[in-house]
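Shown next, in structure tokens, is the structure this report addresses.
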């Protein structure tokens, strides 16, 4: 018999029930049903244009679903009322593609922004928290730097520090490795693992980068652009090894072309 502590740990933190996302009459994805375990790194997978980022926006409150439910700890995000939805949203940290930093603010000011907008903390307390969040992602030295002076990987880490500002227990990442070289991408993957293990956060990640999917994700859902629904559920490695669906196999087997050198030797990041 499992203990009460184990039961709490295994309780599904996020659940989608028959979720449909659309823009007017154009359906992007329909009838999605899946669950995210507490402490999981959950992948939203699929080819380009299948609606991964659109589904992610419905999960963290940026896009109203056409139908269906998004449950956070069994509470419906979209029928809870605007004020309550904002309260639930404070449990979320979001890393958008490219970091989405304010170009006119320094890295430290970007991280401080949600603290100034959403808390009653005074300036010294905010400054201390900013230093802490930047230290978590190895960006302390960049506190006074403008985003334009940062590399792509540094902008992603700065965006991650801002996503951590309010101590969220659910982190949403939209293509965090997009545009990064393999070494920088691997370092970002390692950082995501460290944050999950160190902070106990649950991570939901949109990605089509196979090394990241295979390296850090322990569960997921595969979205199909043609049928506009999910055609696979499970860890990326499990889908790669067991799925007989041709769309999933074509997507997952790209690793044989993408991670090999001309001499047929896997890169270190594979």
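In our numbering, the protein residues as written are 1 to 270. Each residue gets a CB set at the ideal place from its N, CA and C atoms; glycine is no exception. Values in this document were obtained by computation on a predicted structure and should not be read as measured data.
Whole-Å CB distance - residue i paired with residue j, under 8 Å assumed
| i | j | result |
| --- | --- | --- |
| residue 70 | residue 228 | Incorrect: roughly 18 Å between the Cβ atoms, too far for contact. |
| residue 68 | residue 17 | 6 Å |
| residue 130 | residue 108 | 5 Å |
| residue 168 | residue 85 | Not a contact, Cβ separation roughly 15 Å. |
| residue 163 | residue 95 | 5 Å |
| residue 136 | residue 161 | 7 Å |
| residue 216 | residue 248 | No, residue 216 and residue 248 are not in contact; Cβ-Cβ is about 19 Å, not under 8 Å. |
| residue 246 | residue 220 | With 8 Å as the limit, residue 246 and residue 220 do not qualify as a contact, their Cβ atoms being about 18 Å apart. |
| residue 150 | residue 141 | Not a contact, Cβ separation roughly 11 Å. |
| residue 65 | residue 19 | 6 Å |
C-beta contact flag for residue i and residue j at 9 Å
| i | j | result |
| --- | --- | --- |
| residue 184 | residue 153 | yes |
| residue 41 | residue 170 | no |
| residue 223 | residue 59 | no |
| residue 115 | residue 105 | no |
| residue 133 | residue 111 | yes |
| residue 147 | residue 157 | no |
| residue 13 | residue 38 | yes |
| residue 21 | residue 35 | no |
| residue 97 | residue 218 | no |
| residue 177 | residue 189 | yes |
| residue 211 | residue 240 | no |
| residue 172 | residue 93 | yes |
Beta-bridge pairing of residue i - partner residues as DSSP gives them
| i | result |
| --- | --- |
| residue 43 | 205 and 220 |
| residue 13 | In the DSSP output, where bridge partners are listed per residue, residue 13 has none listed. |
| residue 19 | 32 |
| residue 229 | 224 |
Please list the segments of the alpha helix (DSSP H) lying wholly inside the region 135-211, counting only runs of 4 or more residues, in order along the chain. 152-163 and 182-199
Could you tell me whether the region 222-242 touches the region 43-51, where touching means 3 or more Cβ pairs closer than 8 Å? yes
Can at least three beta-carbon pairs, one atom from the region 48-59 and one from the region 197-210, be found at a separation below 8 Å? yes
Is the region 115-124 touching the region 187-205, taking contact as three or more C-beta pairs under 8 Å? no
Counting only runs that start and end within the region 22-106, where is the beta strand (DSSP E) found for 3 or more residues in a row? 26-37, 41-45, 67-72 and 92-95
Whole alpha helix (DSSP H) runs in the region 107-137 with 4 or more residues, listed along the chain? 107-118 and 123-136
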